[in-house]
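In what follows, a structure is listed as structure tokens, so that the remarks can point back to it.
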Amino acid sequence: MGNGAYKSGGWLVDGGKWYYLGTDGAMVKEAYTPGGHWVNDQGAWEPYHR
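Once you know that position 50 of the sequence shown is 50 in full-length UniProt numbering, the rest is easy, because the numbers rise by one and skip nothing.
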């Protein structure tokens, strides 16, 4: 985030890719987010995943 702060619980954009962080601040990988969006093994959102 550039200022030394850490984000927890929500979406983070980095390098044009979207990542979802759990409430513990860890990146969610290979799972559906609470909103039903798939994130891959790198933690990046795959908008066309079925």
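We put the CB at the ideal spot given by N, CA and C, even for glycine.
Computed from a prediction, not measured in an experiment: that's the story for all the values here.
Could you give the distance in angstroms between the alpha-carbon of residue i and the alpha-carbon of residue j?
i            : j          : result
glutamate 46 : glycine 10 : 16 Å
aspartate 14 : proline 34 : 20 Å
I believe residue i touches residue j by the beta-carbon criterion, under 8 Å. Please report the beta-carbon distance rounded to the nearest angstrom.
i          : j           : result
glycine 36 : tyrosine 19 : With 8 Å as the limit, glycine 36 and tyrosine 19 do not qualify as a contact, their Cβ atoms being about 16 Å apart.
Please work out which residues of its chain come closer than 6 Å, Cβ to Cβ, to residue i, disregarding the five sequence neighbours upstream and downstream, and give them in chain order.
i         : result
lysine 17 : Ala44
Near residue i, what residues of its chain come up, given a Cβ to Cβ distance below 8 Å and the 5 sequence neighbours on each side ignored?
i             : result
threonine 23  : Ser8, Gly9
tryptophan 38 : Ala31, Tyr32, Trp45, Glu46, His49
leucine 21    : Lys7, Ser8, Gly9, Gly10, Trp11, Leu12, Met27, Val28
aspartate 41  : Lys29, Glu30
Between which two residues does the beta strand (DSSP E) harbouring residue i extend?
i         : result
lysine 17 : 17-21
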